Amino acid sequence: MCWKRSGGRAVFDLQGLRRAVAAHGRVARVVVAEVAGSSPREVGAAMLVWVGGQSGTIGGGALEYQAAQAALTRQGLTRHPLGPGLGQCCGGAVTLLTEHYDAAAVAALDETVIARGPGDRPLAVQRLIDRARARGEAPAPQLLQGWMVEPVRHPTLPVWVWGAGHVGRAVVDVLAPLPDLAVTWLDTGPERFPETVAEGVTVLPVAEPVRAVAMAPRSAAHLILTYSHALDLDLCHALLRHGFGFAGLIGSDTKKARFSRRLQSLGHTSAEIARICCPIGQKALGKHPQAIAIGVAAQIVSLQTRDRTEWPIHSSASGA
């Protein structure tokens, strides 16, 4: 069954939970199950807690601190007023669901929608899942008749990052934790990549990167950040022939003009070439690799939230 993407809603990160359990053994997952009034996070926001560490957030502050402290010794639903007692000014209340997972428990989880609670599954829960399935949609995370229902996260936007230099490394570090992205990172050899790569990133060393363009989904977003202007041009040429959802090229207005002329000479129209966003990033943020990465990540996130398959050229950060 293919679900439509969740449109930015919180979802159950099953792969992240599997990685945490594999690394730490027993892991507690704390999820916001219900919200009344104002709260720091939405229903479905979750954190993982293990002995000596945690990942994710349910909003920070005293609520998160207390929930993390109790996570490995408590299970089930708990209600927390967000007022003077917690030193927070939200004024609402949050119900948290705390669950413990080991390898066997994770292996038993569904791959599409995770619904669990006391006793037999209520008819209302089954109807919710069936209606969502009939529409090809993922149900919103919610607590229904004591059962917590959450769609499973499946990355929906493939992002191919070409180049493992300073900017490529900064971009991957910023993109890797973002939900709904499946990041593939390419360069000419394994020695080009750092020793440690963020979880969930697929590293693909290829001696001739242009040949790898044929492997990319035609809906993918591409970020061209290589060490070579010649390779950048070849990748632009190959992507225009192959097809893409978004293509961004690091550079300057001068590089953009030069590449446009070269690509026209290779047979591409002005309209086709205009689909390549160059320069990428946000000029106001500066040329530091991390600053470029922040601007690029903002473009990718906007690409998701606007549910578009193309991104227009804008003036942005200068670079290689």
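When the letters of the sequence shown are read in order and numbered with the working numbering, they come out as residues -5 to 314.
Ideal Cβ positions, reconstructed from N, Cα and C, are used throughout, including at glycine.
These numbers come from a predicted model, not from an experiment.
Note the first and the last residue of the continuous beta strand (DSSP E) segment covering residue i.
| i | result |
| --- | --- |
| Tyr95 | 87 to 95 |
| Gln48 | 47 to 50 |
| Leu42 | 40 to 44 |
| Phe240 | 240 to 243 |
| Gly70 | 70 to 75 |
| His216 | 215 to 218 |
What does the Cβ neighbour count give for residue i, buried or exposed, with the cut at 16 atoms within 10 Å?
| i | result |
| --- | --- |
| Gln63 | exposed |
| Gln298 | buried |
| Val45 | exposed |
| Ala278 | exposed |
| Gly130 | exposed |
| Arg121 | exposed |
| Leu169 | buried |
| Lys(-2) | Residue confidence for Lys(-2) is low, a pLDDT of 34 falling below 50, so the modelled location carries little weight; the figure read from the coordinates is stated next. Flag for Lys(-2) reads exposed. |
| Gly239 | buried |
| Glu193 | exposed |
Report the rounded CA-to-CA distance for residue i versus residue j, giving the unit in angstroms.
| i | j | result |
| --- | --- | --- |
| Val107 | Val37 | 15 Å |
| His74 | Gly50 | 19 Å |
| Leu11 | Gly245 | 38 Å |
| Glu185 | Asp228 | 22 Å |
| Thr72 | Val29 | 12 Å |
| Ile270 | Ser264 | 10 Å |
| Gly183 | Ala158 | 10 Å |
| Leu234 | Leu219 | 17 Å |
| Val5 | Val146 | 6 Å |
| Ala292 | Tyr59 | 29 Å |
| Leu66 | Glu105 | 25 Å |
| Arg13 | Ala56 | 27 Å |
Hey, quick one: how far does the alpha helix (DSSP H) through residue i stretch, first residue to last?
| i | result |
| --- | --- |
| Ala64 | 55 to 64 |
| Glu266 | 264 to 267 |
| Ile274 | No alpha helix (DSSP H) contains Ile274, which DSSP labels as neither H nor E. |
Would you check if the stretch 202 to 214 and the stretch 146 to 155 touch, i.e. whether three or more CB-CB distances between them fall below 8 Å?
yes
Minimum length 4: unbroken alpha helix (DSSP H) runs contained in the stretch 133 to 208
160 to 169, 203 to 206
Between the stretch 104 to 115 and the stretch 132 to 145, do three or more beta carbon pairs fall short of 8 Å?
yes
Cβ contact check for the stretch 255 to 264 and the stretch 191 to 203: 3 or more pairs under 8 Å:
no
Do the stretch 88 to 98 and the stretch 19 to 34 make contact, defined as three or more Cβ pairs closer than 8 Å?
yes
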